[in-house]
Amino acid sequence: MPAARTPASQFVRVAEQGRPRLRITVDGAPVEALAGDTVLTALLLAGRRVRTAEFGGGERAGFCLMGACQDCWIALGDGRRVRACTTPVSDGLAVATR
Amino acid sequence: MSDPRVVIVGAGPAGVRAAEAFVAAGLRPVVIDEADAAGGQIYRRPPAGFARPPSALYGLEAGKARRLHAAFAALRDRIDHRPGTLAWNVWDRVLHTVRDGVLAQVPYDALVLCTGAMDRVIPLPGWTLPGVFTLGGAQVALKAQGCAVGRRVAFLGTGPLLYLVAHQYRKAGAGVAAVLDTSPYGLRVRSLPGLLALPALVAKGLWYEARLRAAGVPIRTGVTPLAAAGEGAVAALEYADGAGARRRVSCDAVALGYGLKPETQLAELAGCRLAYDEPQDLWLPECDALGRAGNGLYLAGDGARIGGADAAEAAGRLAALACLGDLGLAADGAEVLRLRRRLRRQARFRLALEAAFPFPASHAAGLPDDVVLCRCEGVTAGQVRAAGLEKEAAEVNRAKALVRLGMGRCQGRVCGTAGRHVLAAALGRPVAAVGQLRAQAPVKPLNLAAAAAAAPDTPL
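Residue numbers (the working numbering), protein chains in the order written: chain A, 141 to 238; chain B, 15 to 474.
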């Protein structure tokens with residue numbers, strides 16, 4: 141049996157893949173997303189973390205995904221702080237997770 | 015006299031049916047909703063540009079979803095719909111809202127709160143690892159984003175939603191590692207007579223379970239959760255099976271939920287008292303059978319008492335009819351009686367459901383000292399126990415003051431349930447005696463940019 145491989149992304153698309161493509165940047169690196177994705181979706185399709193918890197430092201990837209738990213606040217390039225799970229991506233959006 | 019100002023918060027099943035009743039009576043209610051499109055969490059609509067039909071999104075509930083969406087669409091020109099808007103405070107018969115950073119004050123004669131619910135969770139070691147999500151969140155990812163929360167998802171908790179979401183994942187082609195239910199199967203059998211108050215729902219539940227079993231998904235009942243394990247992200251879920259043997263299922267995501275808990279913050283801020291409800295093990299706002307809470311306040315749907323989407327539709331309409339009657343506008347008495355009958359049947363079913371899938375309070379009460387209860391600020395079960403035992407915190411708000419349980423951004427939405435069980439057990443007191451975390455405005459974080467944008471002559 142092959143050794144268990146850590147998947148590179150947390151989320152996996154299972155439907156709705158025909159939407160227009162757009163580009164965002166995450167901590168400066170380009171990431172592809174689809175129109176209608178939330179910032180959280182884009183982050184978790186590109187990796188397994190959304191932010192680092194400010195109390196204790198562990199990595200977080202959101203939790204409730206419906207705007208209640210407040211565990212996915214991140215910063216945008218323009219300085220705004222937003223909840224990743226309720227913020228849609230837009231072309232050229234800059235996201236800072238660190 | 016000018017028309018009474020009616021404000022509805024929430025555009026899920028309860029809010030939509032309430033709005034419909036007010037419009038039929040000739041009023042133009044304000045409908046405030048955090049989502050961009052009506053439907054609530056249960057009939058949540060994907061963003062524009064998504065293509066799946068209702069049958070793919072809502073399964074056996076597609077007809078109901080379609081009817082609710084159509085009912086709301088028909089109201090469009092006759093209501094003041096404010097989507098993407100957070101109601102963050104109620105004070106002196108004024109609702110305070112914010113939309114895109116712009117604050118507004120909405121005075122009302124009648125306020126109908128249809129604020130819905132979120133997952134009730136019990137922490138477990140490792141639950142802050144990336145990959146652990148709420149059960150409702152796992153469903154939102156699938157419905158509203160076309161994504162599975164992992165390649166192999168373990169479903170942990172209890173209640174009918176566990177089987178429904180696991181079924182939806184399997185049907186969508188996502189990997190389901192296991193369904194792990196803390197409730198012993200025997201309770202379901204014993205509750206069957208009560209559950210048969212709504213036989214169609216029992217049939218659906220059995221159908222989801224049968225489909226999962228046919229697909230070879232392991233279903234374990236009577237389990238005790240032990241830990242979500244992994245380096246930097248979830249790689250396995252550990253649990254004790256019904257016989258007490260330690261088991262491990264490999265997975266890259268966990269969907270966690272033990273039924274729902276209502277969003278009661280606005281009701282509380284509006285002056286409504288909360289009372290402990292033993293069968294649901296929840297603190298619920300006090301209102302009469304029609305949803306009247308006094309002082310122009312009305313409550314309906316899961317935000318008032320967990321009853322599910324069908325009950326919410328009936329309760330939303332009923333609260334609106336009660337309100338119309340109170341405003342001196344005609345309401346159909348026969349329909350009120352019909353709706354109350356329907357809600358009573360729903361309540362009988364719900365009581366049996368609580369008995370079949372009980373909240374495993376002892377799992378929460380017995381969490382190890384080093385387990386984080388509060389995701390926001392990392393407060394542990396041990397700190398809450400110490401607040402009770404060493405610092406004499408006799409109820410949860412005192413513990414909040416001492417160790418910051420529920421002080422973080424979510425205001426105790428996530429940790430509150432486990433927190434009161436941990437504290438009560440440490441003190442040897444009944445859980446009702448330690449109370450529940452009080453609501454504070456703003457009920458969700460507000461960007462200070464919003465406050466800065468407020469015109470100088472509209473003070474906060």
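Virtual Cβ for every residue (Gly too), placed ideally from N, Cα, C.
Residues that residue i contacts on chain B, provided the C-beta gap is smaller than 7 Å
i: threonine 178 of chain A; result: Gln159
i: threonine 181 of chain A; result: Gln159, Cys161
i: glycine 196 of chain A; result: Gly392
i: alanine 201 of chain A; result: Pro144, Gly145
7 Å Cβ cutoff, residue i in contact with chain B
i: glutamate 172 of chain A; result: no
i: arginine 161 of chain A; result: no
i: aspartate 231 of chain A; result: no
i: arginine 191 of chain A; result: no
i: arginine 188 of chain A; result: yes
Under the three-state DSSP convention, the category residue i falls into
i: proline 68 of chain B; result: helix
i: serine 161 of chain B; result: The identity of residue 161 of chain B in the sequence shown is cysteine, whereas the question assumes serine. Strand at cysteine 161 of chain B.
i: arginine 200 of chain A; result: strand
i: tyrosine 272 of chain B; result: strand
i: threonine 278 of chain B; result: coil
i: glycine 308 of chain B; result: strand
i: proline 500 of chain B; result: Past the boundaries of the shown model lies residue 500 of chain B; chain B is included only from 15 to 474, so the question cannot be answered.
i: tryptophan 141 of chain B; result: coil
i: glutamate 252 of chain B; result: strand
i: threonine 226 of chain A; result: helix
i: leucine 205 of chain A; result: coil
i: aspartate 316 of chain B; result: helix
i: aspartate 291 of chain B; result: strand
i: threonine 127 of chain A; result: Since the displayed chain A opens at 141 and closes at 238, residue 127 of chain A lies outside it and no answer follows.
i: lysine 133 of chain B; result: Reading off the sequence shown, one finds aspartate at residue 133 of chain B, where the question assumed lysine. It is a strand residue.
i: threonine 196 of chain B; result: coil
i: glycine 322 of chain B; result: coil
i: phenylalanine 36 of chain B; result: helix
i: glycine 29 of chain B; result: helix
i: arginine 153 of chain A; result: strand
i: serine 16 of chain B; result: coil
i: glutamate 172 of chain A; result: strand
i: alanine 193 of chain A; result: coil
i: valine 179 of chain A; result: helix
Proximal residues of chain B, C-beta to C-beta of residue i below 8 Å
i: aspartate 110 of chain A; result: This structure cannot speak to residue 110 of chain A, because chain A is shown only from 141 to 238.
Neighbour list for residue i in chain A, Cβ cutoff strictly below 8 Å
i: alanine 186 of chain B; result: Val154, Ala155
i: aspartate 9 of chain B; result: Nothing in the structure corresponds to residue 9 of chain B, since chain B is present only between 15 and 474.
i: asparagine 461 of chain B; result: Arg220, Arg221
Proximal chain E residues relative to residue i, where beta-carbon distance stays under 8 Å
i: alanine 65 of chain B; result: Absent from the structure: chain E. Protein chains present are A and B.
Under 7 Å by beta carbon: chain A residues contacting residue i
i: valine 154 of chain B; result: Leu205, Met206
i: phenylalanine 55 of chain B; result: The amino acid at residue 55 of chain B is misidentified as phenylalanine; the sequence shows glutamine. Result: Met206.
i: glutamate 48 of chain B; result: Gly207
Partner residues on chain B for residue i, Cβ-Cβ distance less than 9 Å
i: aspartate 211 of chain A; result: Thr142, Arg389, Cys390, Arg423, Cys424, Val428
i: isoleucine 175 of chain A; result: One detail in the question is off: residue 175 of chain A reads as alanine in this sequence, not isoleucine. Ordered by position in chain B, the residues that pass the 9 Å Cβ test against alanine 175 of chain A are Pro61, Ala62, Gly63.
Within-7 Å CB hit, residue i to chain A
i: proline 276 of chain B; result: no
i: arginine 475 of chain B; result: Since the first residue of chain B shown is 15 and the last is 474, residue 475 of chain B is not available in this structure.
i: glycine 151 of chain B; result: yes
i: alanine 247 of chain B; result: yes
Chain-ordered chain A contacts of residue i [CB-CB under 9 Å]
i: threonine 148 of chain B; result: Phe203, Cys204, Leu205, Met206, Ala208, Cys209
Residue i Cβ short of 6 Å to the ligand MN heavy atom set
i: leucine 341 of chain B; result: In the structure shown, the ligand MN is absent, as is every other ligand, since no ligand is present at all.
- With 7 Å as the limit, tell me which residues of the segment 414–443 of chain B have their beta carbon closer than that to any beta carbon of chain A; keep them in chain order. From the segment 414–443 of chain B, only Arg423, Cys424, Arg427, Val428 have a Cβ closer than 7 Å to chain A.
- Query: Whole beta strand (DSSP E) runs in the segment 38–97 of chain B with 3 or more residues, listed along the chain?
  - Reply: 44–46, 94–96
- Whole alpha helix (DSSP H) runs in the segment 329–386 of chain B with 4 or more residues, listed along the chain? 347–370, 375–379
- Runs of alpha helix (DSSP H) lying entirely within the segment 404–471 of chain B, each at least 4 residues, in chain order: 410–417, 430–441, 462–467
- Task: Counting only runs of 4+ residues fully inside the segment 177–253 of chain B, write out the alpha helix (DSSP H) ranges in chain order.
- Result: 199–204, 206–209, 213–228
- In chain order, each beta strand (DSSP E) run of at least 3 residues that lies wholly inside the segment 94–120 of chain B: Runs found: 94–96, 99–105, 108–113.
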